[in-house]
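All residue numbers for the sequence shown refer to our numbering, where the first residue is 249 and numbers rise by one. Let me begin by presenting the structure, written as structure tokens, before commenting on it.
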Amino acid sequence: MTERARHIASTLLTLLWVGVCAPGAASDTLRAESTHFVITHESEASPGYVALVTRGLETAYEAFVTQAGFATFPARVDVRILPGEMDGMGAEYLDEDEDGQLLPVIEIASRQAMLAAAESMWLAVSLDDALLSTTAHEFFHVVQDYASLHGHGDIEEVAFVEPHATAVQEIVAPRADDYLDAAVDFLAAPDAMPFLDRGYDAGLFWVYVLDRYGLDAVRRVMTESAVADGARAIDRAFAPFGLTFLDVWAKFAAAWASGRLPDPAALAETSRAWRAQNGGPGFVTPPPCAVARWDGQAVKIERTTEDERAEPLRVETPYGIDAVAIRVHASDALRITVRAASGVGLRVAWVGRRGERLDLLGIGPLEITVSQPNRYDEVRVVLTRGETPSGRYTLELSPAS
Ligand SMILES: [Zn+2]
């Protein structure tokens with residue numbers, strides 16, 4: 249949503265531009281002020297739309313600054329509603345004024361462009377919610393820029409820029425659930441790239457963090473990113489809870505696998521819409537890379553079955569997620585053992601599925617015994633890892649008697 253790379257000295261230019269517009273010309277630049285924002289827009293923008301943009305911005309200010317105590321620039325923020333088409337729904341960047349001071353600029357798409365973007369999502373969003381969500385996202389970038397300039401954040405740490413801004417949309421626009429639209433690349437292929445290299449699609453994890461640990465956890469990550477990088481910043485932020493990033497990450501993977509992420513109905517609806525176009529199992533739970541059968545006989549699972557490559561099983565990327573589904577066709581007690589070379593450092597969550605019902609059977613141990621496996625249609629093994637060099641593993645199914 250955000251084009252961050254522009255640093256054009258255009259503030260002064262904008263003021264002149266307002267000045268030279270002749271009254272009654274076809275397209276004047278108009279100016280509206282609210283308590284914390286100055287909004288410029290073309291005369292084509294309807295007063296109703298300008299009011300919605302203003303309401304969104306002030307709601308975001310209230311949530312992040314007044315309520316949550318994030319710091320921001322003392323001056324009113326320059327906001328421009330752009331006419332016509334724009335790439336995305338909004339943008340934010342820092343601009344230099346005539347004294348060389350860095351000041352934030354927010355751009356918001358026209359009503360027409362905003363509506364088109366909102367309606368093209370996997371789960372359509374109303375114009376009101378799209379605006380609340382977009383203004384929250386862009387204003388949070390202002391907060392991030394301010395923190396970075398003042399040594400309690402780091403705007404260069406991309407793992408925490410778009411992912412955080414995408415997640416906090418949910419605080420101001422809880423009905424929008426549009427972080428799920430952004431999360432589809434991650435949801436459909438959670439082991440395709442290292443989690444901390446992801447952008448908007450990583451907002452999903454941070455919505456989970458907001459839900460379980462609150463906005464203050466995100467603020468601590470932002471603060472720690474000024475003194476530590478990547479996973480280390482998250483480790484430091486969660487130290488007061490006695491948790492590492494990998495601990496929180498494994499809980500997140502387990503929550504996803506057992507149907508306990510926030511907004512389950514919206515997740516199911518997004519998955520349904522995506523599956524209608526792409527096929528496959530969808531992503532209400534992590535899509536399996538291998539499917540095997542439990543017939544009561546010992547069996548080794550060593551390769552993927554759900555792609556044509558039949559590759560050795562491996563959690564390919566740091567904080568990637570693999571799932572293996574074991575379809576149950578025997579009542580004999582089942583022992584499942586995860587084998588990995590020492591030092592691989594896998595985290596495992598075990599889930600039993602019967603119909604739509606998902607039971608979390610455990611997190612952590614590399615072996616589990618399911619005494620009555622036919623209580624379930626399927627036992628799922630969900631695996632993840634931290635930054636260990638290899639994620640290779642195999643599974644062994646054996647009778648537990
Ligand atoms: Zn953004």
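All residues carry an ideal CB built from backbone N, CA and C; glycine is no exception. Fair warning: this is a prediction, and the values are worked out from it, not measured in the lab.
(message) Is E404 near ligand 1 - that is, is its Cβ less than 7 Å away from at least one heavy atom of it?
(response) no
(request) Would you check whether ligand 3 has a heavy atom nearer than 7 Å to the C-beta of E410? (result) Annotation note on ligand 3: not contained in the displayed structure, which lists ligand 1 as its ligands.
(request) Apply the 10 Å Cβ neighbour rule to V318 and answer buried if 16 or more other Cβ atoms are within range, or exposed otherwise. (result) Correcting the residue type first, residue 318 is Phe in the shown sequence and not Val. Buried: at least 16 other Cβ atoms inside 10 Å.
(request) Determine, using beta carbons only, whether R562 and G639 come nearer to each other than 8 Å. (result) yes
(message) Quick check on E405: does DSSP put it in helix, strand or coil?
(response) coil
(message) Looking at the secondary structure, which residues open and close the alpha helix (DSSP H) in which E418 lies?
(response) 410-420
(request) With distances taken Cα to Cα, identify the nearest neighbour of T288 among A316, G348, A357. (result) A357
(request) Spatial neighbours of R633 within its chain, please: CB distance less than 6 Å, with the 5 preceding and 5 following residues excluded, ordered by chain position. (result) V563, G593, L594, G639
(request) Would you mind listing the beta strand (DSSP E) stretches within the segment 586-621 that are 3+ residues and don't spill past its ends, in chain order? (result) 594-602, 605-611, 615-618
(request) Could you tell me whether the segment 328-341 touches the segment 427-443, where touching means 3 or more Cβ pairs closer than 8 Å? (result) no
(message) Among the candidates A311, V327, E292, whose CA atom is the shortest distance from the CA of A280?
(response) V327
(request) Return helix, strand or coil for R633, following the three-state DSSP convention. (result) strand
(message) DSSP three-state label for E290, please.
(response) strand
(message) Does Y394 come out as helix, strand or coil in the three-state DSSP assignment?
(response) helix
(request) Can you grab the Cα-Cα spacing for the pair R583 / D570, in whole Å? (result) 19 Å
(message) Between which residues of its own chain and E615 is the CB-CB distance below 6 Å, once the five residues before and five after are set aside?
(response) T585
(request) Mind checking who P352 pairs with in its DSSP beta bridge? (result) L342
(request) Determine the extent of the beta strand (DSSP E) in which D326 is found, giving its start and end residues. (result) 325-329
(message) Quick test of the definition: if touching needs 3 or more C-beta pairs under 8 Å, does the segment 496-503 touch the segment 400-418?
(response) no
(request) Check P566 in the structure and name its three-state DSSP category. (result) coil
(message) Among L371, R423, R551, whose alpha-carbon lies nearest the alpha-carbon of Y641?
(response) R551
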